[in-house]
Each structure stands twice: as C-alpha cells, then as structure tokens.
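J.: Could you have a look at this structure, given as structure tokens, before my questions?
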Amino acid sequence: MKQKNSNYPTFDAYQAALQHPGRCFSMVDLRNGRIEKDLWGFPRVRSGGFALTYQLSTDNTSYAIRCFHKDCHKRAYRYQKISAYLENVNLPFFVPINYISRGVKVGAQWFPITVMPWIDGDTLEGYVYKNLDNPDKLKTLPEKFTNLIKVLGRFKIAHGDLSHQNILVKDDQLFLVDYDGLFVPALDKVPGAEIGHSNFQHPFRTMDYFDEKLDNFSSIVIFLALSAIAITPHIWTKYEAAGDGLLFRKKDFLNPYQSELLQELETYTSLRKWVGLFKKICVCEYNLIPSLAQFISYDVYKLPRDEEYTHLSQNIQQEIAIDATQRYLLLQKLGKVVKVVGKVQEVFEGKTKDGHPHIFLNVGNWRTKCFTVVLWGEAYEELIRKDVSSVELYQGKWISVRGVLTSYRRRLQIALDTPIGVEVLGGEGDAKIRLGMETLPAYDDLEITKTDASINHRRNQPDLEGVSKYQQQIQLEIDRLYKNK
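Last residue of the sequence shown: number 493 in this note's numbering, and the count goes up by one each step with no gaps.
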C-alpha cells in the first residue's frame, strides 16, 4: 500500500527513536552501532530531499542511514533496480546501497530506510572552500568531473540531482550520494521522482523528464563553475551562494543576458565561447540541452539566436527565504533544509557542558525563544583562526542562513559546523529581496557595546542545565513509543 506523507514519523519522533539504535533498527549490525551526536548530545541529522540522514558507527565501519519523511512513487521498486544496476556496473564513484522496507521502528510501526557506507569526505563546495589557497587541487576538478559525467553517459545513468552537496570528495576523488532521483535503464518507464536543486537545474525541467539526459544542464553548470574557480579561485568569495550552490543561482538561468556572474565570466578568455553558448542553453527548450561533451566541444545545433533574447525582459522568480520571525512557518520545516533570513540582535559565545565552544547568533531576544544560528566546529575555528570578532561581523547585520532546521529546548535553530552556510547581506535592501517583502519585520534593537558583548557569555550565558531536562522529555517520548514493545 502506498504511504502518504502524513503517515511518516515527525522529525521529533525520529530523533526520539534513534536515541536507542538497539531498539529501533531491524538490521543486527545497526543495533550495535552508535549514532553521531550533535552539539547538544542528540542524534545529528543531515538532510536530503526525501530523508533525514544520520551517521551510525560500529566497531568495524560507519554507515549513512536515511530515514524517509516524504513519499516517493514506487520507492522500493526504484531502489531494487538502482541497487542491482549499480552492483552490476560497479563504478568507483558510487557506493553500494541497501533498501530495507522494514528498517526502523518508530512506535509500533516499521518504516523504510536505506543503508550505505559512510563516505568520510567533504562536499564539493566544502572541498572548494578548503582549497581556495591550493590552486593545483582546484585545477584538477573540471577534468575529474568531466570524466565522471562521461562514464555516467556510457552506462546510461543520470543522477537527477547533481549539486554541490550530492558530490563528495574523499582523497581527491569524486563520489556521488543521494540516489532518490537516480535514473538507470531499468527505470525507463517510470516517472521522475524529483526535479533537483533549482540552482543547478534548467528552468524548464519538470517531473515529465526522466531519462539518461537528466544531468545535461546541471553538469554544464558545475563544469563552468569549477572551470571559473580553477582560473580565479577567489571568485568564490564574490559569488558564493551561502551553502546554496556553486557560484550560480536560479536567477542566472532565468535571465542569463542580464546575469552579473555570466557577464564577468565572459571576460575570461578561455571561458568566453562557452559562456555565450550557455546563455542560449538557459533559454532553449529542455529537449535541446546538449550533453557536457557536446557543450565542451561546441557540437551544438538548433539553439536560439542571441538577438531573440538579449533584450527580453523576464520576471525573475526570486526564491523566497523564510522570515526568521515567522515561528509557525518554521515549525512546519523541522528536519528539512531551509533558507532563513533575519537580523542578528545578540551574539553570545559559550561552551557546552562537555567543553565544545560555540557562538550563538540570535535573531531576536534569546529569552523569547527566537530563531538562532549556532556556529561550532570548523565554523567557530575559522573565526578564531582569522582573529575575526563575531560581534563586529554579525551584530546588527541582516543574514541569510541555509541548513537543516532543528530545535533545542523548543528553540528553532540551524547549527553550522563549517564556515559555509551563513551570508552577511548588504543591508535591508538585500533582505527585502530575499524575503520578497516591501516592509521588513520590526526588531527591537538591543544596544550592546563591544565591552558588553565581550562578556555576554559570562553574564547572560544560556542555561545549559536545560539540556538534561530536554533529554528527559526525549526519554519520556521513547518510553511512550515503546511501551507496548
């Protein structure tokens, strides 16, 4: 029987269940594993389009566990065909995947999961960021990516959602993850499952298209971005999309002849011819998009003439972020990747009970349970390494942040452990555009001097004793779910 979205567990229910792998998993090896914890000691969730992703480690290996929160047409059938085909072709950039229909038990019900080896590497955007001062590594990426796409084409495979986060780099080698939208020849009669990340997909792509050509446009986007970064690495700092893409955004595809990024890329002699061709591809019919190999060799025909579109005025459909003050809207997005815009009112520095330092960017007053951005791990270390004051950088600034929305002590938050994901906006004008608003939400400005801010973590340190109370609430939820076990 086909499950509806409402029948899947909530984010909180999954979080409660995964506190005890020995109770919730059907696979014996997983029962003896340890779930990776977040800053507060709860299961750390990473998210894909259809699922919550967790890392579970045993004595011998680590797994990526994906727990679904959205339905997908014929998911079990898709994964059966995908798994069999990938095992048969045995390509080095795919990892074996196992679909388990009765994989995780939440309450009295079983739900499907996928299990695959955990790839301990960087996302493509993370790898680029870490190597901005290592141009030799960046120069190898376009060729490596091109070779990967060639192999996919040879075996008539399309990933369906090529993006900055679904490509991982480990030991300088590329890997693909998140196979929900994967096309293999055995699925040629099945409709599409998703349309991919909008900052990598052609504006005319719909669910009607599902074949081996799915990656044509996204592969060109990624190739152009990697080629530009290889030439001038620090173009990343000018056009980096705050964790939401590789240089390009959807608006560049909707109005390519007015794109500031494409105009700049045309000044690169080695890219000029490709950029001109790419502009035409952005406005052509979907079935005319060439493969990456055809694009690189300029073996393309039947594309529109430049003059047909150069002066065309299009209404750019700006992708709207969520207003950080809209708690009700945010509550509907728990466990999902979201983009939130708000004005930082307070900056606190502190440590968890086990000594992990972090920075809170509060979009409002902490005591009113406002939305919060938490910077920890590499994100925190980057500020320390660069000797940057978090108060001067963020206090009173409008920011855009992208990540998995979670909650701690009923406080909605996005926790970032890498420097990528938060962007300081140019001011109220940028914020209005990102939010699609003519009037911004009101904030009560909090006058905090540098001296005051430097001692905020001592005088107004958040009450971390509440962690134990929240853990007790989680345990009560676990006991309730399994009282009939």
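From the three backbone atoms N, C-alpha and C, an ideal C-beta is built for every residue, glycine too.
Note that the coordinates shown come from a computational prediction; the quantities given were computed from them, not determined experimentally.
#1: Can you give me the C-alpha to C-alpha distance between Leu-273 and Asp-362, rounded to a whole angstrom?
#2: Rounded C-beta distance between Val-185 and Leu-132? I'm assuming under 8 Å.
#3: Given this structure, state the Cα-to-Cα distance separating Phe-218 from Pro-199, to the nearest angstrom.
#4: Please return the same chain residues whose Cβ sits closer than 7 Å to the Cβ of Ser-109, not counting the five positions on each side in sequence.
#5: Which runs of the beta strand (DSSP E) at least 3 residues long sit entirely within the region 75–131? Give them in chain order.
#6: Hey, is Phe-183 close to the ligand FMN, as in C-beta under 7 Å from one of its heavy atoms?
#7: May I have the straight-line CA-CA distance separating Asp-144 from Tyr-137, to the nearest angstrom?
#8: Excluding five sequence neighbours on each side, which residues of the same chain lie with their C-beta closer than 7 Å to the C-beta of Arg-466?
#9: Closer than 8 Å is the cut-off here; do at least three beta carbon pairs connect the region 409–418 with the region 332–344?
#10: Do Phe-303 and Leu-285 have their C-beta atoms closer together than 8 Å?
#11: Which same chain residues end up closer than 6 Å to Phe-19 when comparing Cβ atoms and leaving out the 5 residues on each side of it in sequence?
#12: Going by DSSP, what residue range makes up the alpha helix (DSSP H) through Gly-437?
#13: Please say whether Ser-408 and Arg-442 have beta carbons closer to each other than 8 Å?
#14: For Ile-243, which three-state DSSP category applies?
#15: List the endpoints of the continuous beta strand (DSSP E) containing Thr-61.
#16: Could you give the residue range of the beta strand (DSSP E) that holds Glu-354?
#17: What are the uninterrupted segments assigned as alpha helix (DSSP H) that are 4 or more residues long and contained completely in the region 226–271, given in chain order?
#18: DSSP three-state call for Lys-178: helix, strand or coil?
#19: Within its chain, find whatever has a CB closer than 7 Å to the CB of His-319; leave out the 5 residues flanking it on each side and keep chain order.
#20: For the region 267–311, which segments carrying the alpha helix (DSSP H) assignment without a break, of at least 4 residues, lie completely within its bounds, in sequence order?
#21: Does Val-283 come within less than 8 Å of chain D when only Cβ atoms are used?
#22: By a C-beta neighbour count over all protein chains shown, 10 Å radius and 16 as the cutoff for buried, is Pro-241 buried or exposed?
#23: Have a look at Phe-231 and Phe-261 and give me their C-alpha separation to the nearest angstrom.
#24: Where does Arg-466 fall in DSSP's three states?
#25: Please classify Met-445: is it buried, with 16 or more other beta-carbons within 10 angstroms of its beta-carbon, or exposed?
#26: Exposed or buried, Pro-193, counting other C-beta atoms within 10 Å across all chains shown (16 or more means buried)?
#27: Around the C-beta of Thr-245, are 16 or more other C-beta atoms found within 10 angstroms, so that it is buried, or is it exposed?
#28: Give the DSSP-derived three-state secondary structure of Pro-365 in the structure shown.
#29: Suppose you measure from the CA of Gly-253 to the CA of Phe-208; what does that come to, to the nearest Å?
#30: Run through DSSP, which three-state label would Glu-473 get?
#31: Leaving out five residues before and five after Arg-4 in sequence, what residues of the same chain have Cβ atoms less than 7 Å from its Cβ?
#32: With a CB to CB cut of under 7 Å and the five nearest residues on each side skipped, what residues in its chain are close to Thr-214?
#33: Should Arg-100 go down as buried or exposed, given a rule of 16 or more other Cβ atoms within 10 Å for buried?
#34: Hey, how far is the Cα of Gly-49 from the Cα of Glu-248?
#35: Mapping the DSSP letters down to three states, classify Ile-428 as helix, strand or coil.
T.: Put simply:
#1: One-based indexing of the sequence shown puts residue 273 at position 265. One-based indexing of the sequence shown puts residue 362 at position 354. Going by the C-alpha atoms only, they are around 47 Å apart.
#2: Within the sequence shown, the letter at position 177 stands for residue 185. Within the sequence shown, the letter at position 124 stands for residue 132. Actually they are not in contact, since the Cβ atoms of Val-185 and Leu-132 sit about 11 Å apart, beyond 8 Å.
#3: Against the sequence shown, residue 218 aligns to sequence position 210. Against the sequence shown, residue 199 aligns to sequence position 191. Roughly 6 Å between the two C-alpha positions.
#4: The count along the sequence shown starts at 1 and reaches residue 109 at position 101. Same-chain partners within the cutoff: Ala-84 and Pro-120.
#5: 106–114 and 117–125
#6: Ligands displayed in this structure: none; no statement on the ligand FMN is therefore possible.
#7: Here residue 144 refers to the residue found at position 136 of the sequence shown. Here residue 137 refers to the residue found at position 129 of the sequence shown. Rounded to the nearest angstrom, the two C-alpha atoms are 14 Å apart.
#8: Along the sequence shown, read from residue 1 onward, the residue named residue 466 stands at position 458. Reliability of the predicted coordinates at Arg-466 is poor, the pLDDT of 38 falling under 50, and the value obtained from them is presented with this limitation in mind. Same-chain partners within the cutoff: there are none.
#9: yes
#10: The residue labelled residue 303 in the question sits at position 295 within the sequence shown. The residue labelled residue 285 in the question sits at position 277 within the sequence shown. Yes, the Cβ-Cβ distance between Phe-303 and Leu-285 is below 8 Å.
#11: Residue numbering aside, residue 19 sits at position 11 when the sequence shown is read from its first letter. So the list reads Leu-342 and Gly-343, once near-sequence residues are dropped.
#12: As a working mapping, residue 437 is identified with position 429 in the sequence shown. Residues 436–443.
#13: Position 434 of the sequence shown holds residue 442. Position 400 of the sequence shown holds residue 408. It is a contact, given that the beta carbons lie within the stated cut-off.
#14: Taking the first residue of the sequence shown as position 1, residue 243 is located at position 235. In this structure, Ile-243 counts as helix in the three-state DSSP scheme.
#15: Taking the sequence shown and counting its residues from 1, one reaches residue 61 at position 53. Element bounds for Thr-61: 59–65.
#16: Within the sequence shown, the letter at position 346 stands for residue 354. Unbroken beta strand (DSSP E) run through Glu-354: 354–359.
#17: 243–247 and 258–262
#18: The count along the sequence shown starts at 1 and reaches residue 178 at position 170. Lys-178 falls in the strand class under three-state DSSP.
#19: Your numbering for residue 319 matches position 311 in the sequence shown. Because His-319 sits at a pLDDT of 40, beneath the cut-off of 50, its placement in the model cannot be relied upon, and the following sentence gives the value as read from the coordinates. So no residue of the chain qualifies.
#20: 268–273, 280–291 and 300–305
#21: Absence of chain D from the displayed structure is noted, only one protein chain being present.
#22: Reading the sequence shown from its first residue, position 233 is the one you call residue 241. When all chains shown are included, Pro-241 counts as buried.
#23: For the purposes of this step, residue 231 is taken as the residue at position 223 of the sequence shown. For the purposes of this step, residue 261 is taken as the residue at position 253 of the sequence shown. C-alpha separation (whole angstroms): 15 Å.
#24: Within the sequence shown, the letter at position 458 stands for residue 466. Here Arg-466 scores only 38 on pLDDT, less than 50, and its place in the model should not be relied on; the value that follows carries that caveat. Looking at Arg-466 - three-state DSSP - the assignment turns out to be helix.
#25: In the sequence shown, counting from the first residue as 1, residue 445 sits at position 437. Its Cβ having fewer than 16 others within 10 Å, Met-445 is exposed.
#26: Looking up residue 193 in the sequence shown gives position 185. By the neighbour-count rule (16 or more Cβ atoms within 10 Å), Pro-193 is not buried but exposed.
#27: On the sequence shown, residue 245 is found 237 positions in, with the first residue counted as 1. Exposed.
#28: Locating residue 365 in the sequence shown gives position 357, where the first residue counts as 1. Reduced to three states, the DSSP call for Pro-365 is strand.
#29: Here residue 253 is taken as the residue at index 245 of the sequence shown, counted from 1. Here residue 208 is taken as the residue at index 200 of the sequence shown, counted from 1. Rounded to the nearest angstrom, the two C-alpha atoms are 7 Å apart.
#30: The sequence position of residue 473 within the sequence shown is 465, counting from 1. At Glu-473, the pLDDT of 43 sits below 50, so the modelled position is not reliable; the number obtained from the coordinates is stated separately. Coil.
#31: There is simply no residue 4 to check, as the chain begins at 9 and stops at 493 in what is shown.
#32: Within the sequence shown, residue 214 is the residue found at index 206, counting from 1. Cβ neighbours of Thr-214 beyond the five flanking positions: Ile-203.
#33: On the sequence shown, position 92 is the one that residue 100 refers to. Inspection of the sequence shows that residue 100 is occupied by Pro rather than by Arg. Result: exposed.
#34: Indexing the sequence shown from 1 puts residue 49 at position 41. Indexing the sequence shown from 1 puts residue 248 at position 240. So the alpha carbons of these two residues sit roughly 31 Å apart.
#35: Numbered from 1 along the sequence shown, position 420 holds the residue referred to as residue 428. Ile-428: coil per DSSP, three-state reduction.
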